[in-house]
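Read through the structure below, which is laid out as structure tokens, and then see the notes.
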């Protein structure tokens, strides 16, 4: 008797999703190198720079919330980036206990390199999404929402 080993479309999608999440979790691109040792960053560092560039004057607590990490991790990352002259801390005018975060000129340069990186590498996905119908976008959006919820509940 011959056994049917063909996967159903549903099984194929689940397998593809699990494979994708494993690739992301085990990604070797934990370090982004923009061409020199001074412009090499861990993912957490460059995303900290990105958020400070997007929200100049942001507080550490807001940064932690937006990144989904603890304030202790934010403070450690800020300390590293400040020593490397990418971030500036300024006391808040209304509350001297709080500091606002800004990018230095070097930080701005790294921010722009990161933006260019994403424009280059994300363009293929943007082009694909642009050609989808509203119904297809709704289905993909629903799947991504559900998948994110699954990851949040299993992480």
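Numbering (full-length UniProt numbering), first residue to last: 1 to 155. Note that the Cβ used here is the ideal one computed from N, Cα and C, for glycine as well.
Annotation: residue 45 is outside any beta strand (DSSP E); the continuous alpha helix (DSSP H) that includes it extends over 43 to 54. Where residue 102 is concerned, the enclosing beta strand (DSSP E) starts and stops at 99 to 103. Judged by DSSP secondary structure, residue 90 falls within the beta strand (DSSP E) whose first and last residues are 87 to 91.
In terms of Cα proximity to residue 144, the closest of 7, 17, 11 is 17. Residue 150 carries a helical assignment under DSSP once its states are collapsed to helix, strand and coil. Per DSSP, the unbroken beta strand (DSSP E) holding residue 32 starts and ends at 31 to 33. Just so you know, the alpha carbons of residue 110 and residue 94 end up roughly 30 Å apart. Secondary structure of residue 8 (DSSP, three-state): coil.
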